[in-house]
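2 protein chains.
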Amino acid sequence: MIKATIYDVAREAGVSIATVSHVINGKGKISRQRREEILNIMKRLNYRPNAIASALASKRTYTLGLLVPDISNPFFAEIARAVEDRGHQLGYSVIICSTDNNEEKVKRYVSLLKQKQVDGVIIGTGVSHGELLKPLQEHSLAITLIARDHPELGASCVRVHDLDGGRLAAEHLLRLGHRRLAVLAENERVTSSGERVRGFVETAASFGVELPPDHIAVCDHKIEDGYRRAKAMLQLAGQPTGLFCCNDLLAIGALQAIRELGLRVPEDCSVVSFDDTILARVTDPPLTVIAQPIEEMGRLAVDLVVQDLSGQSDPARRMVLPPELVVRGSTARLS
Amino acid sequence: MIKATIYDVAREAGVSIATVSHVINGKGKISRQRREEILNIMKRLNYRPNAIASALASKRTYTLGLLVPDISNPFFAEIARAVEDRGHQLGYSVIICSTDNNEEKVKRYVSLLKQKQVDGVIIGTGVSHGELLKPLQEHSLAITLIARDHPELGASCVRVHDLDGGRLAAEHLLRLGHRRLAVLAENERVTSSGERVRGFVETAASFGVELPPDHIAVCDHKIEDGYRRAKAMLQLAGQPTGLFCCNDLLAIGALQAIRELGLRVPEDCSVVSFDDTILARVTDPPLTVIAQPIEEMGRLAVDLVVQDLSGQSDPARRMVLPPELVVRGSTARLS
DNA sequence: CTGAAAGCGCTTACAG
DNA sequence: CTGAAAGCGCTTACAG
Numbered sequence: 001m002i003k004a005t006i007y008d009v010a011r012e013a014g015v016s017i018a019t020v021s022h023v024i025n026g027k028g029k030i031s032r033q034r035r036e037e038i039l040n041i042m043k044r045l046n047y048r049p050n051a052i053a054s055a056l057a058s059k060r061t062y063t064l065g066l067l068v069p070d071i072s073n074p075f076f077a078e079i080a081r082a083v084e085d086r087g088h089q090l091g092y093s094v095i096i097c098s099t100d101n102n103e104e105k106v107k108r109y110v111s112l113l114k115q116k117q118v119d120g121v122i123i124g125t126g127v128s129h130g131e132l133l134k135p136l137q138e139h140s141l142a143i144t145l146i147a148r149d150h151p152e153l154g155a156s157c158v159r160v161h162d163l164d165g166g167r168l169a170a171e172h173l174l175r176l177g178h179r180r181l182a183v184l185a186e187n188e189r190v191t192s193s194g195e196r197v198r199g200f201v202e203t204a205a206s207f208g209v210e211l212p213p214d215h216i217a218v219c220d221h222k223i224e225d226g227y228r229r230a231k232a233m234l235q236l237a238g239q240p241t242g243l244f245c246c247n248d249l250l251a252i253g254a255l256q257a258i259r260e261l262g263l264r265v266p267e268d269c270s271v272v273s274f275d276d277t278i279l280a281r282v283t284d285p286p287l288t289v290i291a292q293p294i295e296e297m298g299r300l301a302v303d304l305v306v307q308d309l310s311g312q313s314d315p316a317r318r319m320v321l322p323p324e325l326v327v328r329g330s331t332a333r334l335s
Numbered sequence: 001m002i003k004a005t006i007y008d009v010a011r012e013a014g015v016s017i018a019t020v021s022h023v024i025n026g027k028g029k030i031s032r033q034r035r036e037e038i039l040n041i042m043k044r045l046n047y048r049p050n051a052i053a054s055a056l057a058s059k060r061t062y063t064l065g066l067l068v069p070d071i072s073n074p075f076f077a078e079i080a081r082a083v084e085d086r087g088h089q090l091g092y093s094v095i096i097c098s099t100d101n102n103e104e105k106v107k108r109y110v111s112l113l114k115q116k117q118v119d120g121v122i123i124g125t126g127v128s129h130g131e132l133l134k135p136l137q138e139h140s141l142a143i144t145l146i147a148r149d150h151p152e153l154g155a156s157c158v159r160v161h162d163l164d165g166g167r168l169a170a171e172h173l174l175r176l177g178h179r180r181l182a183v184l185a186e187n188e189r190v191t192s193s194g195e196r197v198r199g200f201v202e203t204a205a206s207f208g209v210e211l212p213p214d215h216i217a218v219c220d221h222k223i224e225d226g227y228r229r230a231k232a233m234l235q236l237a238g239q240p241t242g243l244f245c246c247n248d249l250l251a252i253g254a255l256q257a258i259r260e261l262g263l264r265v266p267e268d269c270s271v272v273s274f275d276d277t278i279l280a281r282v283t284d285p286p287l288t289v290i291a292q293p294i295e296e297m298g299r300l301a302v303d304l305v306v307q308d309l310s311g312q313s314d315p316a317r318r319m320v321l322p323p324e325l326v327v328r329g330s331t332a333r334l335s
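Okay, structure coming up:
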């Protein structure tokens, strides 16, 4: 059975394809009766508009690109789910693009998305130079950054208040009596991590606590790296009793290192993580964490990009959501 | 700057758009010199073919749909990454569709994918009746099932040998001396889970070990449910010392339940999980697991669907990969 | 080796 | 309220 086209419907109904198009899109004024009739015929022929043809004619594909470092990373998987859900609600499909934060891949995916004429792209990838995004903007494509920020880009963005997140983490540890603090940071390309560290360090300083340079380790975004750096750090003189990790993966590595050194969490060393992915709830003990509102961020990112491509909200909107301290088992009062 | 089209390139080169189209697609014979010339002009104009127009004319979108229960579930997130990578290698984009195994959502996504004229779809969703897939097949769309099987559907598929997986799990526990065994199974709609349980039970029987009915719990695909069912089961008379969980999420729930009852893993109760997602490596102790070759499955699923839509390999191919026992810390000899 | 022309299945002014 | 017609940017026989 061959697929019905708009011509088949028009012929059956004895009207022009323009009229059929109008009822499909709810545009123009069609007499109620004609509309019903056409709707029935569409149903009878099992007609579904060809979205490709529609996209070519209207220049709207109702497709979004989602650029993330790695969709298999739970944080981005959870972001993707939120983006997908909201996109679907609003009639958009989403194409996933895992870039590994690799410039070459970013370029290829960006070029691909342009060719595919996506209406907008949501970017969670940590791009170093906004240069890479220029091509997108020239293409007058809607762009929204998620969990990232590049104010100079002039794109809208939704992220958590990373500075406050770092502050919350520090306050929590300080209030529990910890004074020997340390940080597992992400790679410097990730500006959000820089903010978290800054918030943490500043707050510590305001309590009169300094972090020696060797108590701030810059790690790759991997469990193994968190493990390695935490292990080294815990063998330093002035062994920290409070450790702030800039994401759940690093915190898990730290947990393993601490355990392997024969120390206990939280008795000997408290750990505060960041993100609150599923990983934070499956460790033992479960992680005390500065939670990002992942679901909300995904939803808002879609809303922003869609507003943007609809020509609403001309000035790019930049939304900063509050982080939240979730106390679980990995932190305790200094004994 | 307005986007260049194939007409602009043709005009600049003083040739017809057919010729330009040929060099874009490497079809027909074009004199080497002309080709170079046209290529240069394309570069100069920064020309990129419009994939939508190309799709409409050629009836090939180079887009695949990926239907999974939930992209934020680590198992499917990891599958998605493998599918995306292989797809990208072969020139395909992938649209994610999280269905929550909900029939209504499956229908909507299937209909959407048809409208978008995707070339093929990879299905990891647990669909009860193949009915839902009929519409796809009628549309002569390439379909490949991943980590699922519906032999009656006549679609190609790639999955792990679930029966063998169940056997491996049982053998491992039996060899460690465990005789009081129990199983946390998935919802019956998931046929793969049925196989795993069957393999486990049969192998136990061959060792002369019977599982009482109340030692086989059917759970939802959630940590909480694994927790709840494991907890109940461990309070039964004849408390099991060896527990087989049909996925990592259930195993994590079980770990929590065991811990909460004041028992130790693996000393008091050994746990064997299934899947081997990142979750299996972050628990304490890390999970002994029957691993699925996730990366390979994703890659092969793309290969199968692409072969299918290219009209190669007419008879649907069904690939069954061997599972692998990975021994970590959650199992030990019965004390 | 290259081009003219039809066609893919829609949308959108425009005219009436 | 409805239709004729042009156009979206390509691909693909077909002819030469």
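Residue numbers (the UniProt record's numbering), protein chains in the order written: chain L, 1 to 335; chain H, 1 to 335.
Backbone N, C-alpha and C fix where the C-beta goes; we use that ideal spot for every residue, glycine too.
Every value quoted in this text rests on a predicted model; they were computed, and no experiment measured them.
Does the beta carbon of residue i come closer than 8 Å to any beta carbon on chain H?
{"i": "D284/L", "result": "yes"}
{"i": "K107/L", "result": "no"}
{"i": "I123/L", "result": "no"}
{"i": "R333/L", "result": "no"}
{"i": "residue 347/L", "result": "Here chain L comprises residues numbered 1 to 335, so residue 347/L is not present and cannot be evaluated."}
{"i": "E224/L", "result": "no"}
{"i": "Q239/L", "result": "no"}
{"i": "I252/L", "result": "yes"}
{"i": "K231/L", "result": "no"}
{"i": "P322/L", "result": "no"}
Taking Cβ positions only, does residue i come closer than 8 Å to chain L?
{"i": "E296/H", "result": "no"}
{"i": "I143/H", "result": "no"}
{"i": "A80/H", "result": "yes"}
{"i": "P213/H", "result": "no"}
{"i": "I104/H", "result": "Looking at the sequence itself, residue 104/H is Glu, so the reference to Ile does not match. So, not an interface residue."}
{"i": "R259/H", "result": "yes"}
{"i": "A77/H", "result": "yes"}
{"i": "Q117/H", "result": "yes"}
{"i": "S111/H", "result": "yes"}
Name the DSSP beta bridge partners of residue i, please?
{"i": "S324/H", "result": "Before going further, note that residue 324/H is Glu rather than Ser in the sequence given. In DSSP, E324/H forms a bridge with A291/H."}
{"i": "R306/H", "result": "This sequence places Val at residue 306/H; Arg is not what is there. BP columns for V306/H are empty, so no partner."}
{"i": "A182/L", "result": "L243/L"}
{"i": "A142/L", "result": "G120/L"}
{"i": "G65/H", "result": "I95/H, V121/H"}
{"i": "F76/L", "result": "BP columns for F76/L are empty, so no partner."}
Under three-state DSSP, which class holds residue i?
{"i": "E171/H", "result": "helix"}
{"i": "A232/H", "result": "helix"}
{"i": "V201/H", "result": "helix"}
{"i": "E267/H", "result": "coil"}
{"i": "I216/H", "result": "strand"}
{"i": "D164/L", "result": "helix"}
{"i": "S156/L", "result": "strand"}
{"i": "R48/L", "result": "coil"}
{"i": "D275/H", "result": "strand"}
{"i": "R259/H", "result": "helix"}
{"i": "R318/L", "result": "strand"}
{"i": "L136/H", "result": "helix"}
{"i": "S335/H", "result": "coil"}
{"i": "T19/L", "result": "helix"}
{"i": "K107/L", "result": "helix"}
{"i": "A237/L", "result": "coil"}
{"i": "E84/L", "result": "helix"}
Of the residues the options, which one's Cα is nearest the Cα of residue i?
{"i": "L334/H", "options": "V83/H, I123/H, V20/H, L173/H", "result": "L173/H"}
{"i": "Y47/H", "options": "K29/H, K3/H, P69/H, V15/H", "result": "K3/H"}
{"i": "K134/L", "options": "F244/L, E152/L, S21/L, A55/L", "result": "E152/L"}
{"i": "E210/L", "options": "A170/L, V110/L, Q292/L, Q117/L", "result": "A170/L"}
{"i": "R86/H", "options": "L64/H, V289/H, E104/H", "result": "L64/H"}
{"i": "L234/L", "options": "I216/L, P286/L, L249/L", "result": "I216/L"}
{"i": "G177/L", "options": "N50/L, L67/L, S54/L, P266/L", "result": "P266/L"}
{"i": "D268/H", "options": "P293/H, K107/H, G238/H, D308/H", "result": "G238/H"}
Cβ of residue i within 7 Å of any heavy atom in the ligand ADP?
{"i": "D276/H", "result": "As presented, the structure is devoid of all ligands, the ligand ADP included, so that no description of it is given."}
Along the UniProt domain "HTH lacI-type" (4–58) of chain L, what residues have a CB closer than 7 Å to any CB found in chain H?
Against chain H - using a Cβ distance shorter than 7 Å - the residues of the UniProt domain "HTH lacI-type" (4–58) of chain L are R48, P49, N50, A51, I52, A53, A55, L56.
Quick one: which residues of the region 176–195 of chain H get their C-beta closer than 8 Å to a C-beta of chain L? List them in chain order.
So the list is empty, because no residue satisfies the distance condition.
Compile a chain-ordered list of the residues in the region 91–103 of chain H whose CB is closer than 8 Å to at least one CB of chain L.
Listed by position, the residues of the region 91–103 of chain H near chain L (Cβ gap below 8 Å) are S93, V94, I95, I96, C97, S98.
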